[in-house]
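Each residue of the sequence shown is one higher than the one before, starting from 19 at the first, in our numbering.
Everything on this sheet refers to the single structure shown next.
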Amino acid sequence: MTQRTASCSCGALSIATEGEPIKVSACHCVSCQKRTGSAFSVAVFFDEAQTTPAGTASQYVRLGDSGQPVEFNFCPTCASTVFWRPAFRPGWIGVAIGCFDDRGLRPTQAVYEHERLDWAAISIEGRA
Ligand SMILES: [Zn+2]
Ligand SMILES: [Zn+2]
């Protein structure tokens, strides 16, 4: 099975994944823009059973539009958010695409396109 590792800027917080992701979702919402400081976020979703975190994480919890919390786990030293748990998808864990050593992961969907910065067009496989 495919093994991958995602880690923070300083390397102290990481998560190992096994097998293929459930989906890879780009999110253009303003909350993701604020959280990342960038134009959008890309979550590589796995079943939590496919993942093994390592290192110490700090948590930030915010309510999503669903009214349910999302727990973001970030490195207390370098502040990279490496993975998160959305309560509206029990048992799922989203891992930040940019934290992966594997450069071959690609988004399979995009959400919140109505909040997308107009220059931030990305290509989704199988979509024009
Ligand atoms: Zn770190
Ligand atoms: Zn978002």
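Each residue gets a CB set at the ideal place from its N, CA and C atoms; glycine is no exception.
Model, not experiment: these values are computed from the prediction.
- For S49, the uninterrupted alpha helix (DSSP H) run begins and ends at 48-54, by DSSP.
- The set of residues with a C-beta under 6 Å from any non-hydrogen atom of ligand 2 comprises C45, C47, S49, C50, S59, Y130, given in chain order.
- If you compare the alpha carbons of G116, C96, P87 with that of A105, the shortest gap goes to P87.
- By the criterion of at least three beta-carbon pairs nearer than 8 Å, the segment 26-35 is not in contact with the segment 130-142.
- Judged by their CB atoms, E66 and I111 are nearer to each other than the 7 Å cut-off.
- Classified as exposed, L81 has fewer than 16 neighbouring CB atoms from the shown chains inside 10 Å of its CB.
- Secondary structure at C93: coil, using DSSP grouped into helix, strand and coil.
- Y78 and K52 have their C-alpha atoms spaced approximately 13 Å apart.
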